[in-house]
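There are 2 protein chains.
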Amino acid sequence: MKPGDLTEAVAAVLAAVEAAEGRLAPKKRAVIEAALLCFAETGYAATSTRSIAHRAGVAEATIFRHFGTKADLLLRLVRPVAARLIQPGLVEAQEIFAETEGNLEAKIARMMTARLAFADRYAPLVRILLQELPVNPELHGLLQDSVIGGLIRFLDIALGEEIAQGRLRPIPAPRFLRILASMLIGYWIARSMVAPGEWDDEAEIALMAGLLARGLKP
Amino acid sequence: MKPGDLTEAVAAVLAAVEAAEGRLAPKKRAVIEAALLCFAETGYAATSTRSIAHRAGVAEATIFRHFGTKADLLLRLVRPVAARLIQPGLVEAQEIFAETEGNLEAKIARMMTARLAFADRYAPLVRILLQELPVNPELHGLLQDSVIGGLIRFLDIALGEEIAQGRLRPIPAPRFLRILASMLIGYWIARSMVAPGEWDDEAEIALMAGLLARGLKP
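For the protein sequence lines, the chains are C and U, in the order given. Read in order, the letters of the first sequence are residues 1 to 218 in my numbering. Read in order, the letters of the second sequence are residues 1 to 218 in my numbering.
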């Protein structure tokens, strides 16, 4: 799937919300769909609850009653997607790191490939997060609790093992995560937003994973 | 200077604009100052030209007459600051890379330290750029022409020399720039926006520069 496919991303987000909250009533479903489309097209900050209500074909009061503020609505979209990011992502990363065969470079490359596919799947929401995360403390708090905390606990164990085996320079998990995530997000932004076109994901990931693995060797 | 010092950043942006355009008439100066304050506090997307006019104490028509649209106004702030980023930054980077003493790690660390100080100086504008750059093709075009193109031409030469001397794995300049910039921006976001607090810049830069230099060794 190519990043930016709005229809599929809307379906993916709705599926994540329904997996978490159960089947949505038609009006609620319409509001969530309209909110994601408006945020994706106009940006979160420039979208009003009035325009979401108009697009969803409901009264603005319906939004406030069922979802609270615009900020609450954003969190309502993000929470279930974050849950889908963290749980399968952690299970998968644990499997990758638990394998004895495969060097660190190959393990990092596999993690990167999986996260890139995830970002493509939820591209419009990822874009909103990239814009809002640095300036939205509530959103940052939510992701800190539901994603970053879990990732760091996992990486502490996985990296601790690599460090103990002498395959990795001692590096604190939060720094490793920051550097890995920055590189991957920078690549995703370049490829899907700044200069969309033909990118060779496999070669680019090999470059980044190789750099990280060699750079972190003892 | 700590990032986020709005008053000093406004003064720095105004100085950059006046260095490029000559002394500003009081009304124009007031509009630029008000625009930067509004963008920094409310975000670019959520700021209206009406609110800028109100804060500057001018009629909204004055903004349109002198500056065009809100997008034009943003470019008017960014252009001179980008010019200040590129020229002294390139001269300095050329000096750093031309020195024969000092290994690649130390050179990268010095470049990172200088760029971090620049980002701190213009922090509110950098924040606006980080939010707008991925979704604003005009802004991206401007930076592509005025900053990224020049940086890549310079890096082509500097890296070519390091590669020819056998001190660096062959890496295309755009990829090197993307990885370096992603790491540095990721660190700047963590330190000044996501988790402000006590950060040891020297240690963090040493970690990133060491990782890059080791990772890029032949």
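Where is the CB? At the ideal position from N, CA and C, for every residue including glycine. Please read all numbers here as calculations on a predicted model, not as lab measurements.
**OP:** Give the C-beta separation of Arg50(C) and Leu37(C) to the nearest angstrom, bearing in mind that I take them to be a contact with Cβ-Cβ under 8 Å.
**Re:** Incorrect: roughly 15 Å between the Cβ atoms, too far for contact.
Subject >> Endpoints, alpha helix (DSSP H) assigned at Pro88(C) >> reply: First-last of the alpha helix (DSSP H) with Pro88(C): Lys70 to Ala98.
Original post:
Per DSSP, what kind of secondary structure is Lys27(U) in: helix, strand or coil?
Top reply: helix
Original post:
Rounded to the nearest angstrom, how far is the Cβ of Ala30(C) from that of Gly68(C), given a contact under 8 Å?
Top reply: Not really, about 17 Å apart at Cβ, beyond 8 Å.
Original post:
In chain C, which residues lie less than 9 Å from Val135(U) when you measure between Cβ atoms?
Top reply: In chain order: Gly43, Arg127, Gln131 and Met193.
Original post:
What residues from chain C crowd round Gly166(U), counting only those whose CB sits closer than 9 Å?
Top reply: Going along chain C, no residue has its Cβ under 9 Å from Gly166(U), so there is no contact; the nearest lies around 16 Å.
**OP:** Verify the CB distance criterion: does Met183(C) have a CB-CB separation below 7 Å to chain U?
**Re:** yes
Subject >> alpha helix (DSSP H) runs wholly inside the stretch 131-161 of chain C, at least 4 long, in chain order >> reply: 137-143
Original post:
If Met183(C) and Ile179(U) are in contact, beta carbons under 8 Å, what's the gap, nearest whole angstrom?
Top reply: 6 Å
Original post:
If the cut is a Cβ gap below 9 Å, which residues of chain U does Gly186(C) touch?
Top reply: Arg178, Ile179, Ala181, Ser182, Met183, Ile185 and Gly186
Original post:
Where Leu130(U) and Gln131(C) are concerned, what is the direct C-alpha to C-alpha distance, given to the nearest angstrom?
Top reply: 8 Å
Subject >> Cβ-based neighbour list, Leu85(C), same chain, cut-off 7 Å, excluding 5 preceding and 5 following >> reply: Phe118 and Val147.
**OP:** Have a look at Ala106(C), Ile128(C), Ile157(C) and Val194(C) and flag the residue whose alpha-carbon is nearest the alpha-carbon of His140(U).
**Re:** Val194(C)
Original post:
Whose C-beta lies closer than 7 Å to the C-beta of Ala71(C) among residues of the same chain, with five residues either side of it excluded?
Top reply: Contacts found: Glu138.
Original post:
Listing by chain order, which chain C residues have their CB less than 7 Å from the CB of Ile189(U)?
Top reply: Pro134
**OP:** Go through its chain and collect everything with a Cβ distance to Arg115(C)'s Cβ below 8 Å, but skip five positions before and after it.
**Re:** Gly89 and Leu184
Original post:
Within this structure, are the beta carbons of Ala12(C) and Arg127(C) separated by less than 7 Å?
Top reply: no
Original post:
Mind listing which residues of the stretch 147-176 of chain U have their C-beta closer than 7 Å to chain C's C-betas, in chain order?
Top reply: Arg175
**OP:** Quick one: using the 10 Å Cβ neighbour count with 16 as the cut-off for buried, is Asn103(C) buried or exposed?
**Re:** exposed
**OP:** Return the chain-ordered list of same chain residues with a C-beta closer than 6 Å to the C-beta of Pro174(U), the five sequence neighbours on each side being excluded.
**Re:** Ile152
Subject >> CB-CB length for Leu207(C) against Ile108(C), believed under 8 Å >> reply: Contact doesn't hold; Cβ gap of about 11 Å is too wide.
**OP:** Throw me the rounded Cβ distance for the Val135(U) and Gly43(C) pair, which I believe falls under 8 Å.
**Re:** 6 Å
Original post:
Is there a Cβ from chain C that is less than 7 Å from the Cβ of Gly57(U)?
Top reply: Closer than 7 Å: no.
**OP:** Check distances from the C-beta atoms of the stretch 114-125 of chain C to those of chain U and list, in chain order, the residues that come in under 9 Å.
**Re:** none
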